[in-house]
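Data first, discussion second: the structure below is written as structure tokens.
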Amino acid sequence: MQENYLAKWLSGELSEKELAEFKKSAEYASYQKLKEVSSTLKAPEFDVDQALTQLKEERIGNAPKVIALNPFKKFLRVAAAIAVLIAGSYFYISTLDESVTTQFAERSEVILPDNSEIILNAGSRVSFSEKNWDEKRNVTLKGEAFFKVAKGKKFTVSTTHGTVAVLGTQFNVENREGFFEVTCFEGLVSVAYNNIETKLPAGSSFMVINGKIVDTTAPNTSQPTWVNNESSFERIPLGYVFAELERQFNIEVNSQNVDRNLLFTGTFSNTDLNMALKSISTPSRINFKLEGDNVLFYAKKTP
Amino acid sequence: MNNVCEEQVFSSIFKANSKTVFNYIYYKFGNEEKAHDAVQEAFVKLWENCAKVLPEKAKSYLYTVASNTYLNVIKAEKVRLKYAKPSLEISNESPEFLLVEKEYQQKLDNALNNLPENQRTTFLLNRIDGKKYAEIAEMEGVSVKAIEKRMHLALKALREQIDGI
């Protein structure tokens, strides 16, 4: 006999041979009787329609209210998510630093929260934290800027070359590729360069060209000359002069057979390109050719 | 689209299944009142979750909810099933025969009450509601083989009890 043969017999799934064998067994009559009687059993009465009416009246009558609330719940969920996002981004943005950037041939004036002033030369960028200004007066500078610092706590200018710290003064910081110059016009400025601190009294400069500290003569003006639309140079390699020319007029400067390390002393106008080109070429005994936004400086030897 | 949330679909599911759900719980726990409540409970749950339950899944959902409703509550209660007696309309039987029949039914009732719950449910769903093993397997969430096993054991136990072995 196969497994669960009683169940198979009841559902009529036994093979004829198995059925015959089962019929011969002693207990077959008992099972047959059980099968017959159990088929006459009945479950208690259950009135389907009455139960359905009861269900609808007593229980489901309340259900639609629950369903109607669902869209509102969804709306609340979305609203909460948006609120969190807005609040989050507000706090994120408010911690970001303020920053001002000037393009080539552009200048900008920045007023700091304590009324200190920054005049930003062409192709430069300053950034500072407006939120933490009261705790820490610190600006990060790329490029060149003139600072008029209101009296107060220590004011620091962070650059890639070094850090400049002051109390309240006017000073210029130029931080270019391979070139770092700090000029103090009023008060006292402290410059930390390669962990060496240098104190700059009013009317003195600190200059580093290609990693070397270079002596410079003191400026005889009360402001950097570029503030008055002139760029002045005191024994500065021609290469840096060309770079400044590029920034002030937003042009491209190339040179041919010109010694870019030749020291240049002089001034060029930041408003008149032709005058500026002459101011550079004449004392250096070189020629220039201007084509659109391109300037080529070349030595006199070449025709 | 057929959706359980539509009243017509829901009503037809109720009409097709409520009686079996009622019996199923009754066979399990032997309590008529609780079986009524279980039907109400199961269909209210179905209505509340009508958007999530597909019409073709509604059936097994109902049995699961119904049996879970009283899973812990009635376990301890002693099952006392009473089955509506088949009406003995055949009057030309002798009184002795009728007495023997009555006695047999008494024995059967007792034997059924003593069966394990899952064997009794399977046996009665098949005998009273005429459910195929496959259908019972679906309701109980087990294999057909398991239902056959329960049926086999139920038959064996019932005969042994009735015959006094």
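In the order they appear, the protein sequences are chains A and B.
Position 156 (the first sequence) corresponds to 156 in full-length UniProt numbering; numbering is contiguous.
Position 76 (the second sequence) corresponds to 76 in full-length UniProt numbering; numbering is contiguous.
Think of the CB as a built atom: it goes at the ideal place given N, C-alpha and C, for glycine as much as any other residue.
Of the residues the options, the one placed nearest residue i, counting alpha carbons only
{"i": "residue 159/A", "options": "101/A, 245/A, 166/A, 142/A", "result": "142/A"}
{"i": "residue 201/A", "options": "182/A, 193/A, 156/A, 74/A", "result": "182/A"}
{"i": "residue 50/B", "options": "24/B, 40/B, 7/B, 30/B", "result": "7/B"}
{"i": "residue 54/B", "options": "114/B, 3/B, 132/B", "result": "3/B"}
{"i": "residue 125/A", "options": "134/A, 116/A, 146/A", "result": "146/A"}
{"i": "residue 6/A", "options": "150/B, 162/B, 163/B", "result": "150/B"}
{"i": "residue 129/A", "options": "156/A, 121/A, 150/A", "result": "156/A"}
{"i": "residue 272/A", "options": "245/A, 41/A, 154/A", "result": "245/A"}
{"i": "residue 185/A", "options": "299/A, 148/A, 73/A", "result": "148/A"}
{"i": "residue 48/A", "options": "59/B, 46/B, 57/B, 36/B", "result": "36/B"}
{"i": "residue 103/A", "options": "207/A, 234/A, 195/A, 144/A", "result": "144/A"}
{"i": "residue 329/A", "options": "134/A, 84/A, 204/A", "result": "Residue 329/A lies beyond the residue range present for chain A, which begins at 1 and ends at 303; the question has no answer from this structure."}
{"i": "residue 167/B", "options": "22/B, 56/B, 160/B, 94/B", "result": "Chain B is shown from 1 up to 165; residue 167/B falls before or after that span and cannot be answered."}
Residue range of the beta strand (DSSP E) that includes residue i
{"i": "residue 239/A", "result": "Run containing residue 239/A: none in the beta strand (DSSP E); it sits in the alpha helix (DSSP H), 238-249."}
{"i": "residue 296/A", "result": "294-299"}
{"i": "residue 287/A", "result": "286-291"}
{"i": "residue 208/A", "result": "204-209"}
{"i": "residue 212/A", "result": "212-214"}
{"i": "residue 264/A", "result": "263-269"}
{"i": "residue 108/A", "result": "108-111"}
{"i": "residue 99/A", "result": "98-101"}
{"i": "residue 118/A", "result": "117-120"}
Delimiting residues of the alpha helix (DSSP H) encompassing residue i
{"i": "residue 32/B", "result": "32-48"}
{"i": "residue 256/A", "result": "It is not in any alpha helix (DSSP H) - residue 256/A instead sits in the beta strand (DSSP E) that spans 252-256."}
{"i": "residue 138/B", "result": "133-140"}
{"i": "residue 109/B", "result": "95-114"}
{"i": "residue 156/B", "result": "144-162"}
{"i": "residue 14/B", "result": "7-29"}
{"i": "residue 104/A", "result": "Run containing residue 104/A: none; DSSP gives neither H nor E here."}
Contact with chain D by residue i, beta-carbon distance below 7 Å
{"i": "residue 15/B", "result": "Considering every chain present, this structure includes no chain D. Its protein chains are A and B."}
Could I get the ranges of all uninterrupted alpha helix (DSSP H) runs contained in the region 27-65 of chain A, with 4 residues as the minimum, in chain order? 28-38, 48-54
At what residue ranges does the region 129-202 of chain A contain a whole run of the beta strand (DSSP E), taking only runs of 3 or more? 137-148, 155-158, 162-166, 170-176, 179-186, 188-193, 196-201
Proximal residues, the region 103-120 of chain B versus chain A, C-beta separation under 8 Å: 104, 105, 108
For the region 106-119 of chain A and the region 80-88 of chain A, state whether three or more C-beta atom pairs, one from each stretch, are separated by less than 8 Å. no
Members of the region 18-31 of chain A that neighbour chain B once the beta carbon cut-off is set at 8 Å: 27, 30, 31
Is there contact here, the region 200-216 of chain A with the region 250-258 of chain A, by at least three beta-carbon pairs under 8 Å? no
The region 275-287 of chain A in contact with the region 16-24 of chain B per 3-pair CB rule at 8 Å: no
Examine the Cβ distances between the region 223-242 of chain A and the region 259-271 of chain A and report whether three or more of them are shorter than 8 Å. yes
Do three or more CB pairs link the region 33-46 of chain B to the region 105-123 of chain B at distances below 8 Å? no
The region 182-194 of chain A touching the region 162-173 of chain A, judged by at least three CB pairs closer than 8 Å: yes
Inspect the CB distances between the region 282-301 of chain A and the region 22-33 of chain B and report whether three or more fall short of 8 Å. no
Taking Cβ-Cβ distances below 9 Å as the criterion, which residues of the region 89-106 of chain A are in contact with chain B? none
Check each residue of the region 32-48 of chain A: if its Cβ is closer than 8 Å to any Cβ of chain B, include it; give the result in chain order. 33, 34, 37, 38, 39, 40, 41, 42, 43, 44, 45, 46, 48
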